[in-house]
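Counting from 214, one number per residue, gives the positions in the sequence shown under the numbering used here.
Ideal Cβ positions, reconstructed from N, Cα and C, are used throughout, including at glycine.
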Amino acid sequence: MKRKHFLLSFIVMMASLLTFTLGQNAQAEEKTYNIGTDLTFAPFEFQDSNGEYVGIDVDLLHAIADDQDFKVNLKPLGFDSAIQAVQSKQVDGMIAGMGITDERKKSFDFSDPYFDSGLQMAVKKGNDKIKGYEDLKGKTVAAKVGTESATFLEKNQEKYGYTIKNFDDATGLYQALENGEADAIFDDYPVLGYAITNGQKLQLVGKKETGSSYGFAVKKGQNKELIEKFNAGLKELKSSGKYDEIVGKYISTGTETTDTDSKMKKIQPKKDSYVIASDSTFAPFEFQNSDGKYEGIDVDLVQRIAELQDFDIEFKFIGFSSAVQAVESGQADAMIAGMTITDEREKSFDFSTPYFNSGIQIAVKKGNDKIHSYEDLKGEKVGAKIGTESADFLEANKDKYGYTVKYLDTTDALYSALEIGEIDAMMDDYPVIGYGVAQKQPLATPIPREEGGKYGFAVKKGKNPELIQMFNEGLAELKQTGEYDEIIGKYVKDGSTENKVDESTFVGMIQNNWKRLLSGLWMTIQLTLISFILALIVGVLFGLFSASPSKTLRVISTIYVDIIRGIPLMVLAFFIYFGLPGILGFNIPVFLAGIITLTLNASAYISEIVRGGINAVPVGQMEASRSLGLSYNRTMQKIILPQAIKIMIPSFVNQFVISLKDTTILSAIGLIELLQTGKIIVARNLQSTMVYFVIAMMYLILITALTKLAKVWEKKVK
214 MKRKHFLLSF IVMMASLLTF TLGQNAQAEE KTYNIGTDLT FAPFEFQDSN
264 GEYVGIDVDL LHAIADDQDF KVNLKPLGFD SAIQAVQSKQ VDGMIAGMGI
314 TDERKKSFDF SDPYFDSGLQ MAVKKGNDKI KGYEDLKGKT VAAKVGTESA
364 TFLEKNQEKY GYTIKNFDDA TGLYQALENG EADAIFDDYP VLGYAITNGQ
414 KLQLVGKKET GSSYGFAVKK GQNKELIEKF NAGLKELKSS GKYDEIVGKY
464 ISTGTETTDT DSKMKKIQPK KDSYVIASDS TFAPFEFQNS DGKYEGIDVD
514 LVQRIAELQD FDIEFKFIGF SSAVQAVESG QADAMIAGMT ITDEREKSFD
564 FSTPYFNSGI QIAVKKGNDK IHSYEDLKGE KVGAKIGTES ADFLEANKDK
614 YGYTVKYLDT TDALYSALEI GEIDAMMDDY PVIGYGVAQK QPLATPIPRE
664 EGGKYGFAVK KGKNPELIQM FNEGLAELKQ TGEYDEIIGK YVKDGSTENK
714 VDESTFVGMI QNNWKRLLSG LWMTIQLTLI SFILALIVGV LFGLFSASPS
764 KTLRVISTIY VDIIRGIPLM VLAFFIYFGL PGILGFNIPV FLAGIITLTL
814 NASAYISEIV RGGINAVPVG QMEASRSLGL SYNRTMQKII LPQAIKIMIP
864 SFVNQFVISL KDTTILSAIG LIELLQTGKI IVARNLQSTM VYFVIAMMYL
914 ILITALTKLA KVWEKKVK
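Below, the structure written as structure tokens:
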């Protein structure tokens, strides 16, 4: 009996010991919480130059986790996605500069406020004349459109006697303050503080206006212990001074003595060479100079930044639309082409810091003294390029000012329309108009320019982040050293470098461009000859299939011809150059893509020419030959085809001429054939009438000579 009691006591003791040990291990093991956060809300959460997420929220969270013995698995999801992740229990909590509001308290439990935001005024560093709101009388104060700052300024405008200027983003605010367009700016206090920390020459003045408080949040009724741990850790950080240290790391007032000559960070490239796509005809941002070399604001900036950051680049000047598709299809790593940063484009691209603040401006023919304001445009025709900011502006204001809008495709078309009186005024990006004036276009700009979009360097969404970082670091360095202003001033102020020859004359235009025109002509001839020879081989083969007694071969030929002829040539070119690489897994060189496109297109029509030629030979000749014992192949070789070829020759000549003309379409994928060469020249010298006349004459001479040659050959064959 005693033995049984002893055994029972031993079992109970061991079970208790095991339970205690497991409990201790479970308690010792730190719990891990999944925490959602925003992606790009500096200075609270953002990626540093190494791709790591840092910021006030991130540093506070990690410090609190260390203090309270728990682990965090940070999930940068974006603000809206983080909210949904908390609601669906995919994460345990979120921290993302989230304002504590009564509406949000219905769905979330919040911690104690960890940051009191607010509005703040900033002036240019060193400005000791503005110390408070009373000093703003007669001054210009700027804020971002639709923000609390803008509302605050509107509310107090009469009280303090300032004028208000609104901008779309913080970059516009800082630029306005820098160039004297604004005397002071208003924005969220932490955003201004972070800008100062990152080198913006600002200083905060006046009192901070009360704003919303930020809190750490969990789903209503869930993870109560996490809120308690956060509050306890936050209290400890504040008492120890660690909290102020974290906030001070990211936010500065601008009144401290700092080292303004901050060094540029060198980013490690991840590729041996980066392919940069660009436009080919958008002066002064990218264009060919009189020596046939590409230059411009975009070109010079990227080349200089590549030197500063020690990475190699290969430029591809293939046109704006082709550049966009090249980046999206992976044939280029990035693009720079005077590309305006828009919400729609940010869905597909990651953009750099804006490198150029553009604007749009009205221009009239030089000597026109009737137009001095928008009101003077009543009853007039104003031209703009399709799909541009200028077109949107004119469309939005045409009822107000009573003008009509005429849409054209290119800048040189606008100049030509203005010259011949087809339009009374035109509107375009102000640097483009300034470049036109420098190139002796007879223009005047009687109306001040409108604020426009901001241009950015772009990569495919989620790809090549190090390239964006290298560009941003290099751009900041160029601005700090003043080299940026030199590059801009080289093109926007004075236009391009002077040409060796005056291209406004016919002789000068030919003298300066004959080599490039002949180079474009040779590319056109190469494309035509190679593709047509290949098309003859493929087309004759399918033509014979279509006339074959085998039903299978006839069906194959019919399907091939219907598919190729049913696809427009430009669509076929886009698919082969931009679409196929995604299927095949490797890029197709643009010249090869052009050859394939022309070959496929011409072969389908040649196939029909062959079929028609064979069918034109009387069917009785085939029957007679077969009745004499000749095989089908022998009959085709000796009797049918010799007669059919004589019938086909005129059609072959015609198809060759069509293929030659079709080469012009390949400029859409970046091939520099004769027409694209002309466009590039016009983009620089703006002499569209002379250039296109010369190109038309070159095509006419070439096609006429080939046609005459073909007719001589046709007579000999017959």
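Tell me the DSSP bridge mates of residue i?
i, result
"T353", "T376"
"E679", "DSSP, once it has assigned bridges, lists no residue as partnering E679."
"E635", "None; E635 has no bridge partner."
"Q333", "D400"
"G695", "Its beta-bridge partners do not exist; DSSP assigns none."
"K653", "DSSP, once it has assigned bridges, lists no residue as partnering K653."
"V618", "V595"
"M477", "Note: M477 sits in no beta bridge, so no partner."
"F443", "Its beta-bridge partners do not exist; DSSP assigns none."
"K529", "A490"
"Y427", "G312, F328"
"Q834", "Answer is none; Q834 lacks a bridge partner."
"F259", "V267"
For residue i, does the three-state DSSP call read helix, strand or coil?
i, result
"S486", "strand"
"E458", "helix"
"Y568", "coil"
"Y668", "strand"
"K713", "Below a pLDDT of 50, predicted positions are generally treated as unreliable, and K713, at 44, falls in that range; no measurement from the model is reported."
"G891", "helix"
"M861", "helix"
"V304", "coil"
"A241", "Residue placement at A241 is poorly supported in this model, since its pLDDT is 42, which falls under 50; the coordinates still yield a value, given next. Of the three classes helix, strand and coil, the one that applies to A241 here is helix, per DSSP."
"I575", "strand"
"E469", "Here the model assigns E469 a pLDDT of 48, short of 50, so the residue's position is not dependable and the matter cannot be decided."
"A547", "strand"
"L248", "One point to set straight first is that residue 248 is Ile, not Leu, in the sequence displayed. Reduced to three states, the DSSP call for I248 is strand."
"M640", "strand"
"F292", "helix"
Could you tell me which of the options sits nearest to residue i, measuring between CA atoms?
i, options, result
"Y568", "L405, Q856, K483, G687", "G687"
"Q413", "K350, I343, K448, K692", "K692"
"L785", "K764, L813, L805, N800", "L813"
"E422", "K764, Q538, A335", "A335"
"E632", "K579, S565, I681", "K579"
"Y463", "F528, P403, Q388, A918", "P403"
"Y175", "I398, P497, G291, H275", "For residue 175 there is no data in the structure shown, the boundaries of the chain being 214 and 931."
"M903", "Q281, N726, L450", "N726"
"G461", "L405, A295, I882, M307", "L405"
"Y697", "L521, K764, G634", "L521"
In terms of residue numbering, what span does the beta strand (DSSP E) encompassing residue i cover?
i, result
"G733", "Segment 719-759 is the alpha helix (DSSP H) holding G733; no beta strand (DSSP E) there."
"V672", "671-673"
"D322", "321-323"
"V271", "No beta strand (DSSP E) holds V271; the alpha helix (DSSP H) holding it covers 269-281."
"V358", "Counting along the chain, V358 falls outside any beta strand (DSSP E), and DSSP gives it neither H nor E."
Should residue i and residue j be called a contact, given that it needs their Cβ atoms to be closer than 8 Å?
i, j, result
"V595", "A630", "no"
"T890", "R662", "no"
"I853", "I822", "no"
"T737", "E557", "no"
"L256", "I269", "Per the sequence shown, residue 256 should be read as Pro rather than Leu. Yes."
"L740", "I808", "yes"
"K352", "Y387", "no"
"M477", "A671", "no"
"N379", "V354", "no"
"S603", "M552", "no"
"P794", "S542", "yes"
"A539", "D511", "no"
"A923", "V866", "yes"
"D322", "I440", "yes"
"S820", "S770", "yes"
"I878", "A817", "no"
Could you give the residue range of the alpha helix (DSSP H) that holds residue i?
i, result
"T876", "Neither: T876 is in no alpha helix (DSSP H) and is coded neither H nor E."
"T810", "803-829"
"G779", "764-779"
"P794", "793-797"
"I510", "510-522"
"L933", "As displayed, the chain neither begins before 214 nor continues past 931, which places residue 933 out of reach and without an answer."
"F787", "782-787"
Nearer than 7 Å: is that true of the beta carbon of residue i relative to any heavy atom of the ligand PLP?
i, result
"P655", "Among the components of this structure there are no ligands whatsoever, and the ligand PLP is therefore not found."
Is the Cβ of residue i closer than 8 Å to any Cβ of chain D?
i, result
"V720", "The structure shown contains no chain D; it is built from a single protein chain."
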